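Beneath this line is the structure, given in structure tokens, with notes to follow.
In my numbering, the protein residues as written are 3 to 268.
Structure below.
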């Protein structure tokens with residue numbers, strides 16, 4: 003397979019170039035993985051020869067000699083704004099936000115703007131012969147349908163005496179301690195999303211929540227509730243049993259024992 007190179011456009015890794023490893027699918031999303039074990043969703047990758055980097059984190063490049071460059075530009079506030087007073091028909095200067103906050107004093111304001119400069123275009127013949135596309139890999143074979151669905155399970159349990167007893171009992175709001183293990187993107191990648199996109203923090207958290215398997219939450223709750231009802235239970239199925247005391251033997255005393263007992267009383 004031909005080497006394919008991808009360059010970071012945002013965040014602390016801006017300008018860094020990574021070599022692609024594989025293309026994988028997970029939960030319906032396609033990811034490009036790299037040799038450094040990182041990965042990026044293909045929706046945030048700019049295809050080769052494309053130049054609109056809006057909401058993109060990386061761009062594919064032809065080789066290490068054709069890279070994106072970044073030019074920093076220092077800009078200030080617009081100080082040439084004027085307004086026309088309709089009553090006096092006199093035009094006057096509108097103070098900037100900095101002037102308002104500094105009681106009218108002129109304070110220089112500097113802002114940094116980064117301009118993205120794409121590399122020279124790659125010839126279409128090279129693109130068609132050397133570069134593949136980020137496509138969906140063949141889907142895994144479908145899992146066999148479950149014999150008993152969740153609805154069927156509720157129907158079966160509704161006739162169970164334990165289910166009936168628990169269902170009719172009065173419920174009390176109770177805090178349950180639970181530990182949930184989930185797969186999370188790295189903190190460095192989350193920081194890039196948070197700092198580079200509008201509502202990046204909020205949307206990143208929503209993505210994580212949406213991809214949590216409901217069965218994992220139920221299993222964590224089951225363990226937490228079991229620990230609350232069975233505090234001395236180390237593991238599921240291993241219950242603590244009290245130490246048994248051997249019951250004393252009751253029988254008639256022998257003549258020898260009677261005689262010995264009489265001697266002790268003298």
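Even glycine gets a Cβ: it sits at the ideal position worked out from N, Cα and C.
Quick caveat: nothing in here was measured; it's all calculated off a predicted structure.
For this session: Write down the C-beta distance between residue 64 and residue 50 rounded to the nearest angstrom, noting that I regard them as a contact closer than 8 Å.
Result: 7 Å
query: How do the region 16-35 and the region 66-73 stand: do at least 3 beta-carbon pairs fall below 8 Å, yes or no?
result: The region 16-35, when compared against the region 66-73, does touch it at the 8 Å Cβ threshold.
Note to self: Tell me the DSSP secondary structure of residue 184 in three-state form.
What the structure shows: If DSSP states are grouped into helix, strand and coil, residue 184 belongs with coil.
Strictly by DSSP, which residues pair up with residue 280? Residue 280 is absent from the structure shown; the chain starts at 3 and stops at 268.
Exercise. Using three-state DSSP, classify residue 219 as helix, strand or coil.
Key: Residue 219 falls in the helix class under three-state DSSP.
Less than 7 Å between C-beta atoms, sequence neighbours within five positions excluded: which residues of the same chain meet that for residue 240? Reliability of the predicted coordinates at residue 240 is poor, the pLDDT of 49 falling under 50, and the value obtained from them is presented with this limitation in mind. Taken in chain order, the list of residues that qualify is empty.
Under the three-state DSSP convention, the category residue 177 falls into = Annotated three-state conformation of residue 177 is coil, per DSSP.
Original post:
In this structure, does DSSP put residue 61 in helix, strand or coil?
Top reply: strand
- Task: Identify, in the order they occur along the chain, each residue of the same chain with its Cβ nearer than 8 Å to the Cβ of residue 138, setting aside the five sequence neighbours on each side.
- Result: Bear in mind that a pLDDT of 49 at residue 138, under 50, signals an unreliable position, so the number given afterwards is only what the model happens to contain. Closer than 8 Å at the Cβ level, and outside the excluded window around residue 138, lie 27 and 32.
Note to self: Taking 8 Å as the limit between beta carbons, can you name the residues of its chain near residue 73, skipping five residues before and five after?
What the structure shows: 116, 117 and 119
inquiry  = Can you give me the C-alpha to C-alpha distance between residue 46 and residue 61, rounded to a whole angstrom?
reply    = Roughly 9 Å between the two C-alpha positions.
message = Using only the alpha-carbon positions, how far apart do residue 6 and residue 57 sit?
response = 21 Å
- Please name the residue or residues paired with residue 43 in a DSSP beta bridge. Listed as beta-bridge partners of residue 43 by DSSP are 33.
Considering only residues of the same chain and omitting the five flanking positions on each side of residue 2, which have a CB-CB separation below 6 Å? This structure does not reach residue 2, given that the chain is present from 3 up to 268, and the question cannot be answered.
>> Alpha carbons only, please: which of 8, 124, 203 and 129 is nearest the one belonging to residue 42?
In response: 8
Beta-carbon proximity check, residue 218 vs residue 186, cutoff 8 Å
no
* Asked: For residue 230, does the count of other Cβ atoms within 10 angstroms reach 16, so buried, or fall short, so exposed?
  -> When all chains shown are included, residue 230 counts as exposed.
* To do: Use the C-beta contact count for residue 59: other C-beta atoms within 10 angstroms, 16 or more gives buried, fewer gives exposed.
  => Per the 10 Å Cβ criterion, buried.
Whole-angstrom C-beta distance between residue 194 and residue 227, which should lie under 8 Å
Contact doesn't hold; Cβ gap of about 38 Å is too wide.
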